[in-house]
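Visitor: Input: one structure, supplied below.
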Amino acid sequence: MKKVITVLLIGAMVFAVGCSKSDNSEGAPMDDPNDDPTALSYQSDIRPIIQGNCLSCHGNPPTQNAPMSLTTLNEVKSAIQNRGLLSRINSTTNPMPPNGLMPQTARALISEWANQDFPE
Ligand code: HEC
12 MKKVITVLLI GAMVFAVGCS KSDNSEGAPM DDPNDDPTAL SYQSDIRPII QGNCLSCHGN
72 PPTQNAPMSL TTLNEVKSAI QNRGLLSRIN STTNPMPPNG LMPQTARALI SEWANQDFPE
């Protein structure tokens, strides 16, 4: 119980410091482009999802009868354009991965990345 209280206290302190920082309007403006939550990239957003959910079969070379590899940006892009990847990851009758759909957030990220024209 003591541990929980300590954790809560530390959390509250971090929260307070974070707030006072962002309230400081005299500080340097935050213009790091990597902070833009709407700008996706293959490297930081898409590759980890594919790695965790698809490469056990769609590696290079593919295994378990998967028909193609999904290890590079171009392979993923080509599967979206030519192999119906977006409809398969959202399909309830014929899903990819075969053992069940990924969380909605992961699926939405891949669709959004395609909408943004496959940024690297
Ligand atoms: C357990 C192995 C396995 C996993 C994990 C897996 N796949 Fe597949 N995938 C297959 C097999 C086998 C096929 C071929 C049979 C079929 O189309 O259902 C296939 C087919 C596909 C196809 C259709 C290819 C075509 O030309 O018709 C797409 C697109 C696809 N997978 C995407 C994905 C994506 C994206 C993921 C991860 C989110 C994923 N797969 C995860 C085994 C897997």
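Per the working numbering, the sequence shown starts with residue 12, numbered consecutively. Every residue gets a Cβ at the ideal spot worked out from N, C-alpha and C, and that includes glycine. On a predicted model such as this, the values are computed, not experimentally measured, just so you know.
How about residue 95: is its Cβ closer than 8 Å to a heavy atom in ligand 1?
Guide: Along the sequence shown, read from residue 1 onward, the residue named residue 95 stands at position 84. Residue 95: yes, Cβ under 8 Å from ligand 1.
Visitor: Just checking residue 75 against ligand 1 - is the residue's beta carbon closer than 8 Å to any of the ligand's heavy atoms?
Guide: Residue mapping note: residue 75 aligns to position 64 of the sequence shown, counting from 1. Indeed, a heavy atom of ligand 1 lies less than 8 Å from the Cβ.
Visitor: Starting from residue 90, follow the alpha helix (DSSP H) in both directions and report where the run begins and ends.
Guide: Stepping through the sequence shown from its first residue, residue 90 is reached at position 79. That run of the alpha helix (DSSP H) goes 84-93.
Visitor: Return the residue from the list 104, 81, 103 that minimises the CA-CA distance to residue 94.
Guide: Here residue 94 refers to the residue found at position 83 of the sequence shown. Ranking 104, 81, 103 by Cα distance to residue 94 puts 81 first.
Visitor: Identify the continuous alpha helix (DSSP H) that holds residue 125 and give its terminal residues.
Guide: Position 114 of the sequence shown, counted from the start, is the residue given in the question as residue 125. Per DSSP, residue 125 belongs to the alpha helix (DSSP H) from 115-126.
Visitor: Taking residue 96 as the reference, which of 125, 56, 71, 110 has the closest Cα?
Guide: On the sequence shown, residue 96 is found 85 positions in, with the first residue counted as 1. Among 125, 56, 71, 110, the Cα nearest to that of residue 96 is on 125.
Visitor: Would the C-beta of residue 134 count as close to ligand 1, meaning under 8 Å from any of its heavy atoms?
Guide: With the chain running from 12 to 131 in the structure shown, residue 134 is simply not present.
Visitor: Could you have a look at residue 51 and say whether DSSP puts it in helix, strand or coil?
Guide: Counting from one through the sequence shown, the residue named residue 51 turns up at place 40. Note: residue 51 maps to coil in three-state DSSP.
Visitor: Return the CA-CA distance between residue 77 and residue 65, expressed in angstroms with no decimal places.
Guide: By one-based count along the sequence shown, residue 77 stands at place 66. By one-based count along the sequence shown, residue 65 stands at place 54. Cα to Cα, residue 77 sits roughly 10 Å from residue 65.
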